[in-house]
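*Asks:*
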Amino acid sequence: MQPENSGQIPGSGISGEFVMGAKIFYTPLDEVEGYSVRPGFFLENGAVAFPGGVSFTVYSRYAESVTLLLFKFDEAEPFARIPFPEDYHIGNVYSMIVFGLDITDFEYAFSVDGPYDPAEGHIFDPRQYLIDPYGKAVTGQSVWGEKPFEGYRYRSRATVSTFDWGKAAAPKIPMDDSIIYELHVRGFTRHHSSGVENPGTFAGLLQKIPYLRELGITCVELMPVFEFDELSGSREYEGNVLLDYWGYNPVSFFAPNSSYAAVNERNKEGVELKQLIKALHENGIEVILDVVFNHTAEGDENGPYISFKGFDNKTYYMLTPDGKYYNFSGCGNTVNAGNPIVQNMILESLRYWTAEYRVDGFRFDLASILGRDEQGRPMKNPPLLKELA
């Protein structure tokens with residue numbers, strides 16, 4: 000008999016506790032703020048949902064405490080704050096299963112407390128709501144150029160992969176035979192002359208596949224489709240509101256841009272992008288993603304807290320000796336790709352998009368930054384680039 004509030008997980012190698020093909024039951028060990036909890040899946044970053052609950056796992060080297068925040072849709076303040084118990088971390092990894100959660104009922108973020116010493120690179124602020132660095136879905140700007148309400152902050156959402164790829168297979172076209180067509184998902188069909196039902200979306204682009212085939216191209220390179228902040232730096236010019244249109248301003252390295260979906264994909268984020276990739280593959284067209292790992296939308300010292308700054312500023316960004324941001328990207332900050340934790344995050348992101356979305360390749364924006372050490376100096380043998388090779 001299954002214990003009350005326990006979850007049943009098919010053996011899948013999530014942790015070393017169970018044998019492949021077997022089943023295991025997880026039972027609560029503690030209660031925190033009225034929720035049944037136990038240590039989570041330390042080897043699985045982000046939110047992992049299973050029948051009975053969700054495991055949340057995050058990294059912070061310098062944090063003193065981490066609190067999980069749960070929100071109702073379209074509500075500004077959390078309905079639950081669940082601190083990670085002191086013994087729910089191994090080294091710098093915090094992991095906790097919360098039982099009884101239904102992923103269709105909540106969004107989540109984190110509050111992280113720790114030292115505030117900007118000169119040393121520490122800017123922890125528990126008042127900030129931080130999205131999961133490994134979150135597979137982000138809410139906050141599902142309508143292009145709009146936020147749900149004043150003061151809304153980005154939040155993460157747990158997802159479960161159920162997409163049916165059918166028999167669609169990657170075309171695997173030799174590079175010498177490739178004809179690559181670069182395009183912007185919104186810009187390609189936004190104008191009414193495109194003749195699509197859902198202009199400026201993944202669904203709209205899918206309708207233009209016959210046109211792409213007529214061109215004779217073999218591959219589309221999609222300009223950034225990670226969740227990005229098009230409102231950053233927005234301004235008015237001659238009566239028009241100008242946004243950060245191209246998407247080189249990432250909020251997340253794992254979540255697809257929600258405003259490119261024609262319909263609200265709540266808890267099914269990424270389905271329209273997968274449908275697009277599946278259809279392109281069925282038509283013999285490969286897909287390359289233009290990826291931005293050199294900086295984030297958090298900007299410089301005056302920029303917002305979205306995720307990385309609040310979790311572990313000193314780990315995720317290259318900082319000067321006095322705690323300021325190196326700006327090799329020209330966008331306010333520079334991702335610290337010389338740090339092993341950041342390297343692993345980038346590699347995990349690439350593996351995720353390859354396995355979950357079946358993309359065929361990547362174009363790296365300002366890739367030279369990925370070859371710098373933690374002081375910003377070019378390395379002779381950059382470990383991340385060696386891994387990518």
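The sequence shown begins at 0 in numbering that gives the first Met the number 0 and counts up one residue at a time.
Every residue gets a Cβ at the ideal spot worked out from N, C-alpha and C, and that includes glycine.
From a predicted model like this one, the values you see are computed outputs, not experimental measurements.
1. Closest to phenylalanine 109 by CA distance: which of Tyr236, Pro198, Arg154, Val92 is it?
2. Using only the alpha-carbon positions, how far apart do leucine 279 and proline 84 sit?
3. Distance check for valine 184 and methionine 378, CA to CA, integer angstroms please.
4. For the alpha helix (DSSP H) that isoleucine 208 lies in, which residues bound it at each end?
5. Bridge partners for arginine 156 per DSSP, in chain order?
6. Give the list of continuous beta strand (DSSP E) stretches no shorter than 3 residues that lie fully inside the segment 43-104.
7. Determine contact between the segment 274-293 and the segment 229-241, defined as no fewer than three beta-carbon pairs at a distance below 8 Å.
8. Hey, how far is the Cα of glycine 246 from the Cα of glutamate 32?
9. How many whole angstroms separate the CB atoms of glycine 134 and alanine 46, which I take to be in contact at a CB cut-off of 8 Å?
10. Taking only the alpha-carbon atoms, compute the straight-line gap between asparagine 263 and leucine 67 and give it to the nearest angstrom.
11. Buried or exposed: which applies to methionine 174, given that a residue is buried once 16 or more other Cβ atoms fall within 10 Å of its Cβ?
12. Applying the criterion that 16 or more other CB atoms from any shown protein chain within 10 Å of the CB defines a buried residue, is glycine 215 buried or exposed?
13. Taking the beta carbon of alanine 168 as the centre, do at least 16 other beta carbons fall within 10 Å, making it buried, or is it exposed?
14. Can you list, in chain order, the residues of its chain whose CB lies under 6 Å from that of isoleucine 13, leaving out five sequence neighbours each side?
15. Using a 10 Å radius around the Cβ and a threshold of 16 neighbouring Cβ atoms, would you call valine 142 buried or exposed?
16. With DSSP run on the structure shown, which of helix, strand or coil describes asparagine 239?
17. Taking all protein chains shown into account, do 16 or more other C-beta atoms lie within 10 angstroms of the C-beta of arginine 234, making it buried, or fewer, making it exposed?
18. Should serine 54 go down as buried or exposed, given a rule of 16 or more other Cβ atoms within 10 Å for buried?
19. To the nearest angstrom, how far is the alpha carbon of phenylalanine 123 from that of serine 35?
20. DSSP three-state label for histidine 280, please.
*Replies:* Short version:
1. Here residue 109 corresponds to residue number 110 of the sequence shown, with the count starting at 1. Nearest of Tyr236, Pro198, Arg154, Val92 to phenylalanine 109, Cα basis: Arg154.
2. Walking along the sequence shown from the start, residue 279 turns up at place 280. Walking along the sequence shown from the start, residue 84 turns up at place 85. If you draw a straight line from the Cα of leucine 279 to the Cα of proline 84, it is about 47 Å long.
3. Position 379 of the sequence shown holds residue 378. Position 185 of the sequence shown holds residue 184. CA-to-CA, the gap between methionine 378 and valine 184 works out to about 35 Å.
4. Here residue 208 is taken as the residue at index 209 of the sequence shown, counted from 1. Segment 208-214, the alpha helix (DSSP H) holding isoleucine 208.
5. Within the sequence shown, the letter at position 157 stands for residue 156. Answer is none; arginine 156 lacks a bridge partner.
6. 45-49, 52-58, 64-70, 79-82, 92-98
7. no
8. For the purposes of this step, residue 246 is taken as residue 247 along the sequence shown, with counting starting at 1. For the purposes of this step, residue 32 is taken as residue 33 along the sequence shown, with counting starting at 1. Cα to Cα, glycine 246 sits roughly 39 Å from glutamate 32.
9. Position 135 of the sequence shown, counting from 1, holds the residue named residue 134. Position 47 of the sequence shown, counting from 1, holds the residue named residue 46. Going by Cβ atoms, the distance from glycine 134 to alanine 46 rounds to 7 Å, so yes, they are a contact pair.
10. The sequence position of residue 263 within the sequence shown is 264, counting from 1. The sequence position of residue 67 within the sequence shown is 68, counting from 1. So the alpha carbons of these two residues sit roughly 25 Å apart.
11. Residue mapping note: residue 174 aligns to position 175 of the sequence shown, counting from 1. With fewer than 16 Cβ atoms within 10 Å of its Cβ, methionine 174 is classed as exposed.
12. The residue given as residue 215 occupies position 216 in the sequence shown. By the 10 Å Cβ count, glycine 215 comes out exposed.
13. Position 169 of the sequence shown, counted from the first residue, corresponds to residue 168. That one is exposed.
14. Here residue 13 is taken as the residue at index 14 of the sequence shown, counted from 1. Reliability of the predicted coordinates at isoleucine 13 is poor, the pLDDT of 37 falling under 50, and the value obtained from them is presented with this limitation in mind. Closer than 6 Å at the Cβ level, and outside the excluded window around isoleucine 13, lie Phe40, Glu43.
15. Here the question's residue 142 lines up with position 143 in the sequence shown. Classification of valine 142: exposed, given that the 10 Å Cβ count is below 16.
16. For the purposes of this step, residue 239 is taken as the residue at position 240 of the sequence shown. Three-state DSSP puts asparagine 239 in a strand.
17. The residue you call residue 234 lines up with position 235 of the sequence shown. Residue environment for arginine 234: exposed (fewer than 16 other C-beta atoms within 10 angstroms of its C-beta).
18. Along the sequence shown, read from residue 1 onward, the residue named residue 54 stands at position 55. Label assigned to serine 54: buried.
19. Counted from its first residue, the sequence shown places residue 123 at position 124. Counted from its first residue, the sequence shown places residue 35 at position 36. In a straight line, the C-alpha of phenylalanine 123 is about 28 Å away from that of serine 35.
20. Reading the sequence shown from its first residue, position 281 is the one you call residue 280. Helix at histidine 280.
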